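Enquirer: My questions all concern the structure below.
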Amino acid sequence: MTHAESGSTAPDAGTYILLMEVERACTITVGRLGAVTFPPGHYLYVGSALRNLSHRLARHLRRDKRVHWHIDTLLAHARIVEIWYRPGRERLECTWARALAETPGLVPWGRRFGSSDCRCATHLYYAAEPPVRETVWRGLPGNAGIAVWA
Numbered sequence: 001m002t003h004a005e006s007g008s009t010a011p012d013a014g015t016y017i018l019l020m021e022v023e024r025a026c027t028i029t030v031g032r033l034g035a036v037t038f039p040p041g042h043y044l045y046v047g048s049a050l051r052n053l054s055h056r057l058a059r060h061l062r063r064d065k066r067v068h069w070h071i072d073t074l075l076a077h078a079r080i081v082e083i084w085y086r087p088g089r090e091r092l093e094c095t096w097a098r099a100l101a102e103t104p105g106l107v108p109w110g111r112r113f114g115s116s117d118c119r120c121a122t123h124l125y126y127a128a129e130p131p132v133r134e135t136v137w138r139g140l141p142g143n144a145g146i147a148v149w150a
């Protein structure tokens, strides 16, 4: 079920995954991380918002924005394919990031990308082939209630 199909009001808080595609290889400077090379393929980024989740996701979808987070730099070179989210105040961002590291076909990418405020190795994962939604979701703790943002 998509966010639009649920007929519900926008969730105030939640955890999300941006599924993105990079069509051409690029090397970009990502804040203090320095130069990071992104080969063509798919990337999954885990984030969360304890307030105003709908505003955060809308911001990720906008092209005209100031660079604030690591993901903003990558989004200038990537296309969001889908957004998967789970509403709620439970702090799942790091748990999901660690779970993605165990998902077949996903490779941790960009050491410390998106994880400068926690101890995770990264919150960004690379997949040469498009990841299968159900396979990824099945491996996420607290996966009941995950939906596609539309």
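Mapping to the numbering used here: the sequence shown position 34 is 34, numbers consecutive.
All residues carry an ideal CB built from backbone N, CA and C; glycine is no exception.
Since this is a predicted model, take the numbers as computed values, not measurements.
Using the C-alpha atoms, what's the distance from TRP137 back to GLY14?
Expert: 15 angstroms
Enquirer: Leaving aside the five residues before and after GLY41 along the sequence, list all residues of the same chain whose C-beta is less than 8 angstroms from its C-beta, in chain order.
Expert: Taken in chain order, the residues that qualify are GLU21, VAL22, TYR126, ALA127, ALA128, GLU129.
Enquirer: Excluding five sequence neighbours on each side, which residues of the same chain lie with their C-beta closer than 6 angstroms to the C-beta of SER48?
Expert: THR15, GLU93
Enquirer: Could you spell out the range, first to last residue, of the alpha helix (DSSP H) harbouring CYS26?
Expert: Premise fails: CYS26 lies in the beta strand (DSSP E), 26-29, not in any alpha helix (DSSP H).
Enquirer: Three-state secondary structure (DSSP) at HIS42?
Expert: strand
Enquirer: Any idea if LEU50 is buried or exposed, counting beta-carbon neighbours within 10 angstroms, 16 or more meaning buried?
Expert: exposed
Enquirer: Decide if GLY7 is buried, meaning its Cβ has at least 16 other Cβ atoms within 10 Å, or exposed.
Expert: Caution is warranted here: a pLDDT of 41 is assigned to GLY7, below 50, making its placement in the model unreliable, and no coordinate value can be reported.
Enquirer: Tell me which residues share the same chain as VAL67 and place their Cβ nearer than 7 angstroms to its Cβ, disregarding the 5 neighbours each side in the sequence.
Expert: THR73
Enquirer: Using CA coordinates, which residue listed in TRP96, LEU75, ALA25, ALA78 is at the minimum distance from TRP84?
Expert: TRP96
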